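For the protein sequence lines, the chains are A and B, in the order given.
Start counting the first sequence at 36; every next residue gets the next number (the numbering used here).
Start counting the second sequence at 14; every next residue gets the next number (the numbering used here).
Ideal placement from N, C-alpha and C gives every residue a C-beta, glycine not left out.
Bear in mind the structure is a predicted one, so any value in this text is a computation, not a measurement.
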Amino acid sequence: MIAIIVNGKRQQVDVSSDTPLLWVLRENLGMTGTKFGCGIAQCGACTVHLDGKPIRSCITPVASVSGKKITTIEGLSANASHPIQKAWIAEDVPQCGYCQSGQIMSASALLVAKPKPTDADIDTAMAGNICRCGTYQRIRRAIHRAAAMMAQGGAK
Amino acid sequence: MSQIINLSRRGFLKAGIAGGGLVLGLYLPASRRLAVAATESVEQFSLTPLVRIGADGRVTIIVGQSEMGQGIATSVPMIIADELEADWSKVRFQQAPADPAFGDPERGGAQSTGGSRSIRSMLTYWRRVGAAGREMLITAAAKEWGVPVEECRAEQSVVIHQPSGRKLTYGQLAEKAALLPVPKEPKLKSPEEFRFIGKDVARLDTPDKVSGRAAYGIDVKVPGMLIATVQRCPVFGGKVASFDATKAKAVKGVRHVVQISSGVVVVADSYWAAKKGREALRITWDEGPNGQQSSAAITQLYAETAKQPGPVARKEADAESTLAAAAKKVEAVYEVPFLAHATMEPMNCTSHVRKNDCEIWVGTQNQTGTRATGARITGFPPEAVKVNTMMLGGGFGRRGQQDFVADAVETSKAVNAPVKVIWSREDDMQHGFYRPATYNVLRAALDDRGTPTAWAHRIVGPSISAERGQKLENGIDPSMVEGAANIPYAIPNLEVQYIYKNVGIPVGVWRSVGASQNAFITESFIDELAAAAGKDPFEFRRGLLNKALRHKGVLELAAEKAGWGTALPPGRFRGIAVAFSYASYAAEVAEISIAKDGKVRVHRVVCAIDCGVHVNPDQVVAQMEGGIVYGLSAALYGAITIDKGRVQQSNFHDYPVLRINEMPVVEVHIAPSKAAAGGIGEPAVPPLAPAVANAIFAATGKRIRKLPIRPEELQSS
C-alpha cells in the first residue's frame, strides 16, 4: 500500500511502486480529468501539481510522491470557479479539450509563481503543453485575463 | 428528403429517452438509405429523437455528429434553437448513439463526421426541425386560447398571444404540442430574424472541458472492465508467426494474453500491468512483403513512375504542345511526406460483447462504421450493437478508422469481459493511416508578357480510395487530385495526371486530405511562375482569378488586412497563398523571419475565409486558428519516414508539433457571404504551408519544394 494525498484527501493505493501517478489517479482513484498523452513527459496532458509545482504525472512513479500533496484538475476548484477556469471559459479556449486539464494546471502554477506573467513567461511555462487543436493564442489571452482578474481580487 | 416525425408517443421508455414533452426526430425513408443502414428495422429509425422539449421547459438537442473540437455540439443546438425560438439558457446537448436517424440524408444515412461536412449537409434539415417544433408549440397555444395561430408568436421559449398579451411557456405547452401533427412545410425564418445563427455563442462544452469532467473514450469506466494493450507487428502488413506469453502472464495483474487479428493483446487489471506484460511478450513476426520498404525506395519508385504519363484528372486544350513550343518554361519537382494525425488522445475503445449484444464506447468520427465493425466481429445484427459516442480528444480524420474498434470488440469477445484497449503514443504514431506521401512533376509555360499559357502537373502516390477498396474511375482518386485538378487560375492549356502506386503504407484522410498537400504544391508553383514572370505574387494570382471571384475575394481581403506591399521591419518577409477546399475559400499571408541557423519563425498569419453562411463566427475563427497551427506543425516539422517497413518516429520528441512559444499571431477575417454554408474544419490548413514557403522564397530566393522545411538548407553564414 502506498499513501498519497490527492486534493487534500489521504488515499491508500495497492499498486506496484513504479506505477506512474497518472494511472493511479485515473484507474485507481477514478479521477480521469488528468490525461494520458505521450507517456514520456513530452506533451503535458498529464500535468498535476506536486506541492504546488507542475509535474508530469506520466513519468512520476507513485512511490516517489508518497506523503506529498498532489492537486489535480478536479481539485483546482469545486465548480470551475478558479480564475484560470473562468478566463478559459471567457475566451472559449478549448476545442477538443483533451489537453486543457494539463494546460490549466500549468497555467495556474505559473500564476502562483508569477502573478503578472509576460508573454515570454507564458512561453517558458507553457511550452511543455502541446495542443493539437491549436488553441495557443486563446491560452495566452486567457492567462493574461486570469492574471488581471486575480490582480483585481474579485474573481475568487 | 428526410421527413420530420413526431416521436412523442412512440414508446421512448425503452430507448431511455423518456420524460414526456414534445419529441421530434428525422426519418430517412428506406429508399434513401445505404445498404448498411437499410438492414436495420424501421423501429430503429424511430427511437432516437433530435430534439425534446420537456414539461420542465428544458430543450435537449441530441447531436449525432461527433464533437472533436470543431464546435458541432454547440452549432447544432444553435441552429435548432434559433428556429425553435428557444431560450438559450434552457438548451442542453447530448451526444447521440449510433442511429441511422442521425445519418446524413445526402449520403444515404451514413452517420459520420468528416469532410467539414456537418453543417453544409444538414443545416436546412436542422432548421426545419426547429421550425416545425415552433409551429407546433404556437398551434398548441392558439388552440388552448381559442385564437387564430396568426395572432401568436414565439419568443424565448414562450408563446405570446399578441392582442391580449397572454403567455404560455414551452414547458406548459410541450405535452399538448406533442399531440399535434408535424407541419409538412414549416416556415423557416429569414436570415435577418436569426438570433443565434451568425452570432458569437459560447460553446456548450467548455465548462466541462475546463473542469476535467468531459468524458472522452479513454475515460470510460464499465463495471468489471479490464484494460488491454496490443502489440502489433512493427512492419506494415506483417503478422504474428508465433508468440510466447509465459513471462507476460507472470506479470502481476495480467489476466489474459491472446492473439487477435491486429497482433497480440495483453489484458490486465490496469494499463500499467498490461504495458509491462506486453513488454515481456516474445513474438516472432512474419513481416510479410513490406519488410524492406523504405522512404528512399518509395521516392525512387515514385520518381521512376513519374517519367511516364498517367491517367488524366483534368485536361483543358493542349498543355503538351504548348509546352513544346514555349519560349519560357518553368519545371519543378515537389515532394510531400507521410504525416501522422497525432491526436492528443491516443486511439482507444471500450467494448463489452455479451451473449446477444455488443456495446461499444468510443470517440469515433464514424458511428455507422463502428456499428458495422461490431456486427461483423460478433455476428450480431447491427441493431444489437450499441455505440456510445464519447468526446473525441482530436479526430483530424484518424478517428474515422475502425482498427481501434476492432481491437476492443475482438478482445472483449475473446476474454468474455468488458475491455478497454488503450494505444500508447508510440502505437498511435507507428500504426496510423497516414496523409499520403506524393511526388509531383510540374511544368508550365509563360508567354513573352509573363502570362502562363500551359500548366502540367503529374502526381504519383498512394490512393486513399483504392486502398479502402473503392474502384478508381478512369484511374483517378478524386481525393488525391483535390486542390490540383481544380486550380482556379485561368491558364488555357492545362493537364493534371495522377498515377496510383500502392507502397504498402496505410494511408487515410488527414485534415483537408488532398488539398493539404496539393495546395502546397500548386500554390508554390504558381509563385514560381510569378517570380519567373517578374511579377508580384499577389498581383500575378489576382490577374488570373477573374473567373474565380470567391478565390479572388479572399485573396484580396487577406492581402489588404496583411498590408501586402507595405514595408516590413528588417528581416521580415511575406508570402501568400489561396486555396479552395470543402466548399470554402481561404487565403493566408504569412509573415516570417529566418534565423542564422536556418530556423523559420512565423510571426503573423492573416487569414481570410469565405465559408458562405456560417453558424458561430467565433468558432469559425477558432477553426482557422487551429487549421493554421495544424498546417504549420506539418510544414515546419511533420514527417513520417519508413525504414525496413517500420515507421521511424515514435512520439512527440521525434514527431514534433508546434508549441505555444512558436505560435504566430493569427488574425482571421470572415468574408461576408450569403452563399451556401461551406466547411470550416479543414479549409485553413491548405494555404498555410505554401504561404510560409513563399515567404521563405521572398526572404532567401530559395524555393521550398520538399516538406517539411529543413533549416539546414536555409542557414546563412
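Per DSSP, the beta-bridge partners of B/K252 are B/D299. The C-alpha of B/E439 is placed about 6 angstroms away from the C-alpha of B/N664.
In the DSSP assignment, B/A600 is bridged to B/V591 and B/A621. For A/G72, the nearest CB of chain B lies under 8 angstroms from its own CB, placing it at the interface with that chain. Between A/L60 and A/T107 a beta carbon distance of about 6 angstroms is seen, short of the 8 angstroms cut, so the two are scored as contacting.
Contact between B/Y452 and B/A648 fails: their C-beta atoms lie close to 18 angstroms from each other, not under 8 angstroms. In the three-state scheme derived from DSSP, where H, G and I count as helix and E and B as strand, B/Q175 is classed as coil. Going by beta carbons, A/A76 and A/R91 fall inside the 8 angstroms limit.
Judged by DSSP in its simplified three-state form, B/E695 adopts coil rather than helix or strand. Counting only the Cα atoms, B/N559 lies some 34 angstroms from A/G169.
Flagged as an interface residue toward chain A: B/R226, by a C-beta distance shorter than 8 angstroms. Neighbours of B/V642 across chain A, judged by C-beta separation under 9 angstroms: C166, R167, C168, G169, T170, Y171 and Q172. Scanning the region 56 to 109 of chain A for uninterrupted beta strand (DSSP E) segments of 3 residues or longer gives 82 to 85, 88 to 91 and 104 to 106, listed from N- to C-terminal end.
Judged by DSSP in its simplified three-state form, B/G413 adopts helix.
Across the structure, B/D441 and B/Q483 are spaced so that their CA atoms are roughly 25 angstroms apart. Residue environment for B/S129: buried (at least 16 other C-beta atoms within 10 angstroms of its C-beta). Look at B/N664: its C-beta is under 8 angstroms from a C-beta on chain A. In terms of CA proximity to B/Q272, B/R245 leads the group B/R245, B/A571, B/S476 and B/K234. For B/A338, the number of other beta carbons within 10 angstroms of its own is below 16, and it is reported as exposed. With respect to the C-alpha of B/M238, the residue from B/I622, B/K719, B/V432 and B/L562 having the closest C-alpha is B/V432. For A/A38, the enclosing beta strand (DSSP E) begins and ends at I37 to V41. Within a 10 Å sphere around the beta-carbon of A/G87 sit fewer than 16 other beta-carbons, which makes this residue exposed.
Per DSSP, reduced to three states, the secondary structure at B/W374 is strand.
For B/G694, the closest of B/D656, B/Q636 and B/V679 by C-alpha to C-alpha distance is B/Q636.
Residues of the region 422 to 447 of chain B with a Cβ closer than 9 angstroms to any Cβ of chain A, in chain order: I435, S437, R438 and E439.
The beta carbons of B/A532 and B/P324 sit no closer together than 8 angstroms.
According to DSSP, residue pairing for B/D117 in a beta bridge involves B/A123. Contact between the region 411 to 421 of chain B and the region 200 to 220 of chain B is absent, with fewer than three C-beta pairs closer than 8 angstroms. Beta-bridge pairing by DSSP links B/M404 to B/Y229.
Non-local beta-carbon contacts of A/A142 in its own chain, meaning distances under 6 angstroms to residues more than five positions away in sequence, involve I119 and I178 in chain order. With contacts defined as CB atoms closer than 8 angstroms, B/V253 and B/K262 fail to qualify as a contacting pair.
For A/C134, the nearest CB of chain B lies under 8 angstroms from its own CB, placing it at the interface with that chain. With fewer than 16 other CB atoms across the displayed protein chains lying within 10 angstroms of its CB, B/K265 is exposed. Distance from the CA of B/Y595 to the CA of B/K328, rounded to the nearest whole angstrom, comes to 22 angstroms. For B/V618 against B/P677, the beta-carbon gap comes to about 5 angstroms, under 8 angstroms, which counts as contact.
Interface criterion not met: the Cβ of A/A98 is under 8 angstroms from no Cβ in chain B.
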